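What follows is a short report on a single structure.
In my numbering, the protein residues as written are 200 to 630.
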């Protein structure tokens, strides 16, 4: 007879392996220099290229709540395995888009849209699936290990891609990278199927309307979700914008841009590894505002990159490493808070409700940026105080101002300004 401890250990191992395969594929197709270069080689402009990086988080935000209703009806494991087949097929179509001639851009964008929709359904069931075997005390440690491992796999893959692609990668080389990533992505479904099933007390009797109202009525969860929305709206457009700035604004070599992308992922790797250390030594009411202030400082620093493409890549790589360290640490803290604040008996809808704010702001940040890059408003840049700022730098100024403004919403974080109900939940007693 296998003990619960052994089953839990097996579940954690397979969840981490699944995350490594899935995250590597997601990053390569939707959030790396590979897709930026691929879309550019196929003829997409800045606006469409930025749009490819915004579709996945935007869909996650807009559709995760109705997708959670499907999870409540059919079960997370049942739905996850089926939608991952769809997302894998869409991935292969995206990699095949150059073979469609004049329709290559619509095929690429359409494939990414289908992929994003499928991954949104997956995401709605992923956290509830993890919640079946993760205890409160194990969450931060598990999320740190899981995200460290999947970040490491993505970093190593993209570093190898940078070496393989060279300065001026061809369409065929970029396709090979995407096909390889698509094959690895298929491992997500395989390892999820190996996660043991655990008994759960989660109620599935709530209907969609009741679940939403219960989640929205959770004041602590709602307040924290609003803060996440404002923060993510301000910070998640910076990295893809900088990749475009280096590639098109400063004419940096293709492999240089990929190495910067890899450096940014290394920052996330360090963040996932280091956040556990920080949480053990700092109180959370200090971590959130400190991270917020550092976001602002780093974003402002990116306005003053050297004019030399090589030097700019080096400086941007260092800054984005630190920037993504903050993003990784924030995501671990957010996941732990979200699962802790979700009302018992309504975990699926509560986590989807919070995720809608978080992921929606992530995608909206990039969507707004893509339209601004393609608009006449920023076409020639702005002159401020006798200095001319390019349209890329103007967007960085807007991001910096947004981060400063969003600091007002720190007052909504229960860990900083706790109420009686929050304190009772931490002590596991009824208010």
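A virtual CB, placed ideally from N, CA and C, is assigned to each residue, including glycine. All of these numbers come straight from a predicted model, not from anything done at the bench.
For my contact list, residue i and residue j are in at a C-beta cut-off of 8 Å; report their separation, rounded to the angstrom.
| i | j | result |
| --- | --- | --- |
| residue 337 | residue 552 | With 8 Å as the limit, residue 337 and residue 552 do not qualify as a contact, their Cβ atoms being about 23 Å apart. |
| residue 612 | residue 487 | 6 Å |
| residue 374 | residue 452 | That belief does not hold up - the Cβ atoms of residue 374 and residue 452 are roughly 20 Å apart, past 8 Å. |
| residue 358 | residue 461 | 5 Å |
| residue 432 | residue 557 | Not quite, the Cβ-Cβ distance comes to about 10 Å (not below 8 Å), so this is no contact. |
| residue 267 | residue 323 | 4 Å |
| residue 442 | residue 456 | 6 Å |
| residue 261 | residue 559 | 6 Å |
| residue 289 | residue 307 | Not confirmed; about 11 Å, so no contact. |
| residue 244 | residue 573 | 7 Å |
| residue 468 | residue 347 | 6 Å |
| residue 459 | residue 519 | 6 Å |
| residue 511 | residue 449 | 5 Å |
For residue i, count the other beta carbons within 10 Å of its own beta carbon; 16 or more makes it buried, fewer makes it exposed. Which is it?
| i | result |
| --- | --- |
| residue 561 | buried |
| residue 651 | Outside the shown range of the chain (200 to 630) lies residue 651, about which nothing can therefore be said. |
| residue 503 | exposed |
| residue 325 | buried |
| residue 616 | exposed |
| residue 230 | buried |
| residue 286 | buried |
| residue 406 | exposed |
| residue 251 | buried |
| residue 409 | exposed |
| residue 396 | exposed |
| residue 259 | buried |
| residue 546 | buried |
| residue 143 | One cannot answer for residue 143 here, as it falls past the ends of the chain, which runs 200 to 630. |
| residue 534 | buried |
| residue 587 | exposed |
| residue 541 | buried |
| residue 604 | exposed |
| residue 580 | exposed |
| residue 525 | buried |
| residue 248 | buried |
Starting from residue i, follow its DSSP beta bridges and name the residues at the other end.
| i | result |
| --- | --- |
| residue 588 | 581 |
From the DSSP output, in three-state form, read off residue i for me.
| i | result |
| --- | --- |
| residue 243 | coil |
| residue 481 | coil |
| residue 422 | helix |
| residue 231 | coil |
| residue 417 | coil |
| residue 211 | helix |
| residue 571 | helix |
| residue 408 | helix |
| residue 393 | coil |
| residue 274 | coil |
| residue 368 | coil |
| residue 451 | coil |
| residue 612 | coil |
| residue 504 | coil |
| residue 523 | helix |
| residue 541 | coil |
| residue 170 | The chain is shown only over 200 to 630; residue 170 falls outside these bounds and no answer can be derived. |
| residue 203 | helix |
| residue 602 | helix |
| residue 222 | helix |
| residue 470 | helix |
| residue 488 | helix |
| residue 552 | helix |
| residue 509 | helix |
| residue 402 | Here the model assigns residue 402 a pLDDT of 48, short of 50, so the residue's position is not dependable and the matter cannot be decided. |
| residue 314 | helix |
### Query
Can you give, in chain order, each stretch of the beta strand (DSSP E) that sits fully within the stretch 317 to 344 and has at least 3 residues?
If we require 3 residues or more, the stretch 317 to 344 turns out to have no beta strand (DSSP E) run fully inside it.
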